[in-house]
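Beneath this line is the structure, given in C-alpha cells, with notes to follow.
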Amino acid sequence: MTDTTSAQDQIRETIEINDVVLFMKGTAQMPQCGFSSRVAGVLNYMGVAFKDVNVLATPELRQGIKDFSDWPTIPQLYVKGEFVGGCDIITEMTLSGELDTLFTDNGIAFDQDAANKIREANAE
Amino acid sequence: MPMEAHDIEALIREGFPNAKITITDLAGDGNHWAAEVIDESFRGMNRVQQQRAVYASLKGKMDGANGELHALALTTKAPA
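If you read the sequences in order, they're chains A and B.
Quick note: the first sequence uses the working numbering, first residue 56, plus one each step.
Quick note: the second sequence uses the working numbering, first residue 12, plus one each step.
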C-alpha cells in the first residue's frame, strides 16, 4: 500500500514536526526548478531554518502533496503546519512584508535586514 | 501539446464569466504563462483561496508532470 495515502501521512508528520517546510523540486542546496529555487533562495537569504522535501523523490510524494493541499503546483511552503502558498504567493508576500509578519507571528527567526534588502532590490 | 493564450483565458472565463483576465506569454514557448484575474468573487478571500479557485477552473490542465500547462504565474485580486 504505497499509494498517496502513506505519502499523505508522511507529509502530515513532516509539517507537524518542522516549523517551516518547503516541498520543492530538488533540494535547498540543489533546486531543480526555477520556481522552487526562487522560494528556497528567499528562505536561505532571509536566514530562515526550514526542512526541504524533494517531491521528485517518489511519484506518490509528488502527487500526494498536491492532493494534500488541493494545490496543483510545486513548490509549496508550510509554516506551523499551515499551507502558505506557492511561488507566486510567497513572492508577493515577501515584497509586501506579509511574510515577515507571518514569521514574526509564528516565532520563526529570520534576518530582518535581508528581508528589507529584498524589498529595496525589487522596488520599482 | 503547449497551450495558447485564448485556451487559458477561455478556461478561466468559464469559471469567472465577468472577470478581467490578462494572459501574458512569459517565454514564447506556449508553456510559461502569467495570468492576472480580477474578479468581484475574490473580495474577502485570501490569496490561497483565490488562486485555488482559478486552478480549479483550469480543470487539471496543470496537473502532473505532463500537465499541458507547465508554468502559470498567477496574480489574483478583487476590483479596486
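C-beta: ideal position from N, C-alpha, C; glycine also.
- Contact of Thr35/B with chain A by beta-carbon distance below 7 Å is absent, the smallest such distance being about 13 Å.
- Using a CB distance cut-off of 9 Å, Gly55/B does not count as an interface residue toward chain A.
- Around the beta-carbon of Thr146/A, 16 or more other beta-carbon atoms lie within 10 Å, marking it buried.
- Distance from the CA atom of Phe123/A to the CA atom of Gly81/A, rounded to whole angstroms, is 19 Å.
- Here Met79/A is not near Asn99/A, since their CB atoms are 9 Å or more apart.
- For the segment 137 to 172 of chain A, the continuous alpha helix (DSSP H) assignments of 4+ residues that do not extend past its boundaries occur at 142 to 151 and 153 to 160, in sequence order.
- Under the three-state reduction of DSSP output, Asn99/A falls in the helix class.
- Beyond the five residues adjoining it in sequence on each side, Val76/A comes within less than 6 Å, by CB distance, of Thr69, Ile70, Lys106 and Tyr133 in the same chain, given in chain order.
- Taking every protein chain shown into account, the CB of Lys121/A has 16 or more other CB atoms within 10 angstroms, so this residue is buried.
- Under the DSSP assignment, Glu47/B falls in the beta strand (DSSP E) whose first and last residues are His43 to Ile49.
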